[in-house]
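Convert by adding 39 to the 1-based position in the sequence shown; the result is the number in the working numbering. What follows is a short report on a single structure.
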Amino acid sequence: MKKTIILACLCGTLIACENVEKKAALKLAEARAAFEVGNFNEAKMQIDSIKVLYPKAFETRRQGIHLMQEVELKEQQKTLEYLDSMLTMKQQEFETMKNRFVLEKDTAYQRIGHYLVPAQVIERNLHRSFLRFQTDETGIVSLTSIYCGSYNIHHTAVKVTAPDGNFTETSVSHDSYETTDLGEHIEKADYKLGEDGGLIAFVAANKDKNLRVDYLGERPYTTHMMPADRQAAADIYEL
Numbered sequence: 040m041k042k043t044i045i046l047a048c049l050c051g052t053l054i055a056c057e058n059v060e061k062k063a064a065l066k067l068a069e070a071r072a073a074f075e076v077g078n079f080n081e082a083k084m085q086i087d088s089i090k091v092l093y094p095k096a097f098e099t100r101r102q103g104i105h106l107m108q109e110v111e112l113k114e115q116q117k118t119l120e121y122l123d124s125m126l127t128m129k130q131q132e133f134e135t136m137k138n139r140f141v142l143e144k145d146t147a148y149q150r151i152g153h154y155l156v157p158a159q160v161i162e163r164n165l166h167r168s169f170l171r172f173q174t175d176e177t178g179i180v181s182l183t184s185i186y187c188g189s190y191n192i193h194h195t196a197v198k199v200t201a202p203d204g205n206f207t208e209t210s211v212s213h214d215s216y217e218t219t220d221l222g223e224h225i226e227k228a229d230y231k232l233g234e235d236g237g238l239i240a241f242v243a244a245n246k247d248k249n250l251r252v253d254y255l256g257e258r259p260y261t262t263h264m265m266p267a268d269r270q271a272a273a274d275i276y277e278l
């Protein structure tokens, strides 16, 4: 009698285990079906539910782990395909747009050149204080504050103010230098996008307004941006 009871219990346990595995297998089948049609989120939800609802369905859970790995691998492949397509599209857009710009690059000492609008190339802007906007061949956008005058002002930042009083200014430049050419004092300071205090975007957004530029240094100096310089900021920011 005792053996009969034990055998009955074992049979009941086996039947229960089989039922659990069958129910878990249905969830796994739903997960696989979702995976096959590319519904990766649904597939992962179904796999996760097996662990919660049927923790003792060990064989099905093991298969679920393998399926989860397949799902995650396929997701990564899809992401890479998307990024590759976006990169190709952006490269095509850049190739189309770059014909509107001039590449300044002295291969004797420059490894990376800069794209500028034609109005801001060096040859057209000698002896002029202005803000120059450019992007290098790796896609890094920056601005250069250039000062030319009869004395040094030792500037390390610039501030741009709109007619309504709104303004923005760069942080202190960590890439600046000063020189003298035939008695003319020349100063340049560079600011990369993200380190410019939002100045490039500010000028681009206010390109149709008369913007004042204050050079911030040991001595004050103020000028106004020419329309071509404001447009240059917008064009480079778009690029």
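For each residue, glycine too, the CB sits at the ideal point set by N, CA and C.
Tell me residue 212's beta-bridge partners as DSSP assigns them. Per DSSP, none; premise fails for residue 212.
As assigned by DSSP and simplified to three states, the class of residue 40: Note that residue 40 scores 48 on pLDDT, short of 50, meaning its location in the model is unreliable and no value can be drawn from it.
Can the beta-carbon of residue 262 be found less than 8 angstroms from the beta-carbon of residue 230? no
Rounded to a whole number of angstroms, what is the C-alpha to C-alpha distance between residue 184 and residue 146? 23 angstroms
Pairwise C-alpha distance: residue 83 and residue 266: 55 angstroms
If distances are taken between C-alpha atoms only, which option among 215, 178, 156 and 187 comes closest to residue 268? 156
Coil, strand or helix - residue 195 by DSSP: coil
Beta-carbon proximity check, residue 122 vs residue 180, cutoff 8 angstroms: no
Residue range of the alpha helix (DSSP H) that residue 82 falls in? 79 to 92
Beta-bridge partners of residue 153, as assigned by DSSP: 143 and 175
I'd like to know if the stretch 124 to 136 and the stretch 94 to 102 are in contact, where contact means that at least 3 CB-CB pairs between them fall below 8 angstroms. no
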